[in-house]
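In my numbering, the protein residues as written are 195 to 258.
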């Protein structure tokens with residue numbers, strides 16, 4: 195459940211920051227959306243890998 199929560203916040207922050215930055219910088223929102231999307235994807239991937247690693251370690255402890 196934690197991974198889904200992290201993904202939700204990554205997507206929300208990407209959308210919110212795209213709107214704020216495009217209005218503040220007066221730049222094309224697609225350009226900012228792509229930039230924020232790339233960083234959001236990297237962060238989301240890191241969060242999911244970390245979650246999988248923690249879950250795997252927890253499963254190994256429970257198996258013993």
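Glycine included, each C-beta is placed from N, C-alpha and C at the ideal position.
Per-residue burial, residue 224 [other beta carbons within 10 Å of its own, 16 or more giving buried]: exposed
Simplified DSSP assignment, three categories, for residue 221: coil
Euclidean distance between Cα positions of residue 232 and residue 202: 16 angstroms
Residue 205 versus residue 234: straight-line alpha-carbon distance, rounded: 7 angstroms
Buried/exposed call for residue 208, threshold 16 Cβ in 10 Å: buried
Neighbour-count burial assignment, residue 212, 16 or more Cβ in a 10 Å radius: buried
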